[in-house]
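Colleague: Heads up: the sequence shown is residues -23 to -1, 1 to 572, going by mature numbering (1 follows the signal peptide of the UniProt record, and there is no 0).
The structure follows.
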Amino acid sequence: MSKGKWIAGLTVAAVVLGGGAYAYHASQNNSTGSDGKVGDLNIAYKNDKSVKKGGNLNVAYETDVPFKAQFESGLSDDNTMSTMAGPSGGALFNIDSEFNIKKGGPADIEFDRDDKTATITLRDNLKWSDGKPVTAKDYEFGYEIIANPEYGSSRWSDSLANIEGMEEYHKGKAKDISGITFPDGEDGKKIVLKFKENKPGFKHSGNGYFLESASPYHYLKDVEPKKLASDPKTTTKPLVYGAFKPEKVVSGESIYYTRNEHYWGKKPNLDSITYTTVDPSKTVASLKSGKYDIVNQPAASIYPQVKKLDNVEITGQQQLYISLLNFNLGHYDTKKSENVQDRDTPLQDKRVRQAIGYARNVDAVNDKFNNGLQTRANTLIPPVFSDYTAKDVKGYPEDIDKANKLLDDAGWKWDKDHEFREKDGKRLELTYMARQSDGNSEAIAKNYMQQWKKIGADVKLYKGRLTDFNTYVQITSAPESGDWDITDAAWSLSSDPSQVDLFGKGAQYNSGHFTSPELTKKLNKIDSPDIKNDKERAEAFKDYQEYMNDEAYVIPTSFRTDYTPVNKRVANWTMDYGESEGWSKLGVTADKAEK
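Here is the structure:
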């Protein structure tokens, strides 16, 4: 199924941990299309049996944390919710397997590079689930939700400021967004975006420079902005334009979908989809019993057990994912909408950050716990972007000797007991906010703390314990710097590899709040209108990755291969990123799941 739109830069689980000995490793050159393979896994499950008319599909998302129901993409930062909202649609533009925008979806987009404009044309038959047409104003309203601080969105970024008038609107200096116009009026089907600059990433879905979804203005316009995120109209009774509409939403637990009779595309094969969450401890038993037809995001720890089940097929895909180690270096200035790197911490010295990185034994952790589904990340661009990832950058493999030398050079001396390091009379003390992910989270956190002790860093857990996901999100998304020093993070990435929305000076997702003129320059170069071709952009990406590796503002941890077990009664399932109408094509070949 396509993830052809930005998935909100999600601070998901830091590291997915588990046990077992089975391993396979995905090739960096594997195809991402439906006929391709990732390692030993097929991207699609091909069921030759006849598809039955109707039926209900039971889908589960593996998580130990209740999800927060939110169907308005501009207000959601939850990867669980973003995935579970899949049947309701959302992406306006179809894409191919390489994430290039193509024609034929709910909307088409055409660029005029001379005029620096994009014209978006909505389908004539594109309607909301209440039967009302999706209009030009609905598309524009999504920008208002993100840019108007009253709505409380965390999606504002420097990228959106490339639309003329967006920054003025965001700062309250204008009542309207001058760079968004409606040739046929607000109730029409055409929208024109006026950009300050052309960007080489325009052709890719998820580039961040324009939105790829719409918001039902007629339905939401009377809701007070600060209350929109909690209103039933966006949480439990939303309007959608996808193949299925939410019939019943139990926030934190489940979403029951039925066919959307106003869907613009082909009538779905299924009558309904029941989408629930499943605790990691119950996934294998639930698959074996046929309770679930499909389970999304199962932990690496249970992969060997899932592989032994004879009633499921396992599909795989290189994931748009990077986990990393974050350093807390500053705060976010809400008045100026920019990050400020001003925190008083030993981590301002990049040699200390580098030492922390080299002390970790990420390869050993992945070998022991992740069954080959995760490999140490050498850089910040995942291998699924084979043209842009810097294969020659080595990252931070375990090297205790190098870590110790870096701290020596930084002036941190061992104390008289040779237990911890000190400088100017102060011990090298750091607070580690490790997230509770699964049963192995504590063991992994203690492992890294022991590794850091080997180089003389006195690292203690935040509040003396692991931090639950919801608390973690509240702390890392707050503009204040907080009282943590290092933390794990992970991102479900955009399908365009530019990372200005993650690490730009104005990026609210930059929870470490690091910034520098040189970083801004390199991020801007990647998206510069002066870039003439993919080769030049690849060179800009390589330069950026080398810089980030040296500065160690963040330390890459792991890349991940996603696997999905599918009951053998399921038909037309694929993990192809270019499958834009997958939910309507899904079906079943039997009344009950195989056991």
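We treat Cβ as the ideally placed atom computed from N, Cα and C, and that holds for glycine.
Note that this is a predicted model, so its numbers are computed, not measured.
What first and last residue would you give for the beta strand (DSSP E) that runs through residue 111?
Modeller: Taking the sequence shown and counting its residues from 1, the one referred to as residue 111 is at position 134. No beta strand (DSSP E) holds residue 111; DSSP gives it neither H nor E.
Colleague: I believe residue 61 touches residue 252 by the beta-carbon criterion, under 8 Å. Please report the beta-carbon distance rounded to the nearest angstrom.
Modeller: Locating residue 61 in the sequence shown gives position 84, where the first residue counts as 1. Locating residue 252 in the sequence shown gives position 275, where the first residue counts as 1. So it is a contact: roughly 5 Å between Cβ atoms.
Colleague: What are the partner residues of residue 157, as DSSP defines its beta bridges?
Modeller: Position 180 of the sequence shown, counted from the start, is the residue given in the question as residue 157. Looking at the DSSP assignment, residue 157 forms a beta bridge with 170.
Colleague: If you follow the alpha helix (DSSP H) that residue 530 is in, where does it begin and where does it stop?
Modeller: Taking the sequence shown and counting its residues from 1, the one referred to as residue 530 is at position 553. Here residue 530 belongs to no alpha helix (DSSP H), and DSSP marks it neither H nor E.
Colleague: I'd like the list of long-range same chain contacts for residue 526, defined as Cβ closer than 7 Å, with 5 residues on each side in sequence excluded.
Modeller: To locate residue 526, count along the sequence shown from 1; it is residue 549. Excluding residues within five positions, the ones whose Cβ falls inside 7 Å are 356, 370, 372.
Colleague: For residue 413, which option in 367, 464, 368 has the closest C-alpha, if you only look at C-alpha atoms?
Modeller: By one-based count along the sequence shown, residue 413 stands at place 436. Of 367, 464, 368, the residue nearest in Cα terms is 464.
Colleague: Please determine if the stretch 24 to 34 and the stretch 248 to 268 are in contact, where contact requires at least 3 C-beta pairs separated by less than 8 Å.
Modeller: These segments touch.
Colleague: Tell me residue 251's beta-bridge partners as DSSP assigns them.
Modeller: By 1-based counting over the sequence shown, the position of residue 251 is 274. Its beta-bridge partners are 35, 233.
Colleague: Looking at C-beta atoms only, is the number of pairs between the stretch 529 to 536 and the stretch 289 to 302 that lie closer than 8 Å three or more?
Modeller: Contact holds: three or more Cβ-Cβ distances are below 8 Å.
Colleague: Just list the alpha helix (DSSP H) runs in the stretch 74 to 145, keeping only unbroken ones of 4 residues or longer that don't cross its boundaries, in chain order.
Modeller: 113 to 124, all fully within the stretch 74 to 145.
Colleague: Go to residue 56, then tell me how far its alpha helix (DSSP H) extends in each direction, as first and last residue.
Modeller: Position 79 of the sequence shown holds residue 56. First-last of the alpha helix (DSSP H) with residue 56: 56 to 61.
Colleague: With residue 316 as the anchor, note down where its beta strand (DSSP E) starts and where it stops.
Modeller: Taking the first residue of the sequence shown as 1, we reach residue 316 at position 339. Residues 315 to 317.
Colleague: Can the beta-carbon of residue 114 be found less than 8 Å from the beta-carbon of residue 163?
Modeller: As a first step, residue 114 must be located in the sequence shown, where it is residue number 137. As a first step, residue 163 must be located in the sequence shown, where it is residue number 186. Their beta carbons are under 8 Å apart, which means residue 114 touches residue 163 by this criterion.
Colleague: Between the C-alpha atoms of residue 555 and residue 128, what's the straight-line distance to the nearest angstrom?
Modeller: For the purposes of this step, residue 555 is taken as residue 578 along the sequence shown, with counting starting at 1. For the purposes of this step, residue 128 is taken as residue 151 along the sequence shown, with counting starting at 1. Distance between the alpha carbons of residue 555 and residue 128: 32 Å.
Colleague: For residue 14 and residue 538, I'd like the C-alpha separation in whole angstroms.
Modeller: As a working note, residue 14 is residue 37 in the sequence shown. As a working note, residue 538 is residue 561 in the sequence shown. The straight-line gap from Cα to Cα measures roughly 12 Å.
Colleague: Which two residues bound the contiguous alpha helix (DSSP H) that contains residue 263?
Modeller: One-based indexing of the sequence shown puts residue 263 at position 286. Element bounds for residue 263: 260 to 265.
Colleague: Among residues of its own chain, excluding the 5 on either side of residue 391, which ones have a beta-carbon nearer than 7 Å to its beta-carbon?
Modeller: For the purposes of this step, residue 391 is taken as residue 414 along the sequence shown, with counting starting at 1. Only 398, 433 meet the Cβ criterion.
Colleague: Going by C-alpha distance, which of 269, 204, 145 is nearest residue 565?
Modeller: As a first step, residue 565 is located in the sequence shown; it is residue number 588 there, counting from the start. Measuring from the Cα of residue 565, the nearest candidate turns out to be 269.
Colleague: The beta strand (DSSP E) spanning residue 495 covers which residue range?
Modeller: Within the sequence shown, the letter at position 518 stands for residue 495. That residue, residue 495, is in no beta strand (DSSP E); its alpha helix (DSSP H) goes 494 to 503.
Colleague: Under 8 Å Cβ to Cβ from residue 570, same chain only, skipping five residues before and after it: list those, please.
Modeller: Numbered from its first residue, the sequence shown carries residue 570 at position 593. Within the same chain, residue 570 has close Cβ partners 35, 267, 268, 269, 270, 288, 544, 546.
Colleague: Could you name the residues of the same chain whose beta carbon sits closer than 7 Å to that of residue 340, not counting the 5 residues immediately before and after it, in chain order?
Modeller: Reading the sequence shown from its first residue, position 363 is the one you call residue 340. Closer than 7 Å at Cβ, skipping near neighbours: 353, 374, 375.
Colleague: Please state if the CB of residue 191 and the CB of residue 116 are separated by a distance shorter than 8 Å.
Modeller: Start at 1 with the first residue of the sequence shown, and residue 116 comes out as number 139. Start at 1 with the first residue of the sequence shown, and residue 191 comes out as number 214. Cβ distance < 8 Å, so residue 116 and residue 191 count as in contact.
Colleague: Classify residue 510 as buried or exposed, calling it buried when 16 or more other Cβ atoms lie within 10 Å of its own Cβ.
Modeller: Position 533 of the sequence shown, counted from the start, is the residue given in the question as residue 510. Per the 10 Å Cβ criterion, exposed.
Colleague: What residues in its chain sit with their C-beta under 6 Å from that of residue -2, if we drop five residues either side in the sequence?
Modeller: Position 22 of the sequence shown holds residue -2. With a pLDDT of only 23 at residue -2, under 50, the local geometry of the prediction cannot be trusted, and the value read off the model is given with reservation. The answer, listed in chain order, is 281, 348.
Colleague: Per DSSP, residue 463 is paired with what?
Modeller: Mapped onto the sequence shown, residue 463 falls at position 486. Residue 463 is bridged to 304, 409.
Colleague: At a threshold of 7 Å, does residue 30 count as lining the ligand FAD (C-beta to nearest heavy atom)?
Modeller: Among the components of this structure there are no ligands whatsoever, and the ligand FAD is therefore not found.
Colleague: Beta-carbon within less than 6 Å of residue 567's beta-carbon, same chain only, minus the 5 sequence neighbours each way: which residues are those?
Modeller: Taking the sequence shown and counting its residues from 1, one reaches residue 567 at position 590. So the list reads 546, once near-sequence residues are dropped.
Colleague: Please go through the same chain and pick out, in chain order, the residues whose beta-carbon is closer than 6 Å to the beta-carbon of residue 242, but skip the five residues on each side of it.
Modeller: For the purposes of this step, residue 242 is identified with residue 265 of the sequence shown, where counting begins at 1. Same-chain partners within the cutoff: 558, 561.
Colleague: Following the continuous alpha helix (DSSP H) through residue 334, name the residue where it begins and the one where it ends.
Modeller: Against the sequence shown, residue 334 aligns to sequence position 357. Here the alpha helix (DSSP H) through residue 334 covers 327 to 336.
Colleague: Answer yes if the stretch 510 to 521 comes into contact with the stretch 127 to 143, meaning at least three C-beta pairs across the two stretches below 8 Å, and no otherwise.
Modeller: With a cut-off of 8 Å, the stretch 510 to 521 and the stretch 127 to 143 do not count as touching, because too few Cβ pairs lie within range.
Colleague: Can you list the alpha helix (DSSP H) stretches of 4 or more residues lying completely in the stretch 386 to 460, in chain order?
Modeller: With a minimum length of 4 residues, the continuous alpha helix (DSSP H) runs that stay inside the stretch 386 to 460 are 418 to 430, 446 to 454.
Colleague: Is it the case that the stretch 151 to 158 contacts the stretch 223 to 238, given that we only count it when at least three CB pairs across the two stretches are under 8 Å?
Modeller: In short, these stretches do not touch, since the Cβ pair count stays below three.
Colleague: Taking the beta strand (DSSP E) that residue 293 falls in, what are its first and last residues?
Modeller: To locate residue 293, count along the sequence shown from 1; it is residue 316. Residues 289 to 295.
Colleague: Would you kindly report the start and end of the unbroken alpha helix (DSSP H) that includes residue 562?
Modeller: Reading the sequence shown from its first residue, position 585 is the one you call residue 562. Here the alpha helix (DSSP H) through residue 562 covers 559 to 562.
Colleague: Can you check DSSP and say which residues form a bridge with residue 490?
Modeller: By one-based count along the sequence shown, residue 490 stands at place 513. Per DSSP, none; premise fails for residue 490.
Colleague: Give the secondary structure of residue 195 by DSSP, where H, G and I count as helix, E and B as strand, and everything else as coil.
Modeller: Position 218 of the sequence shown, counted from the first residue, corresponds to residue 195. It is helical.
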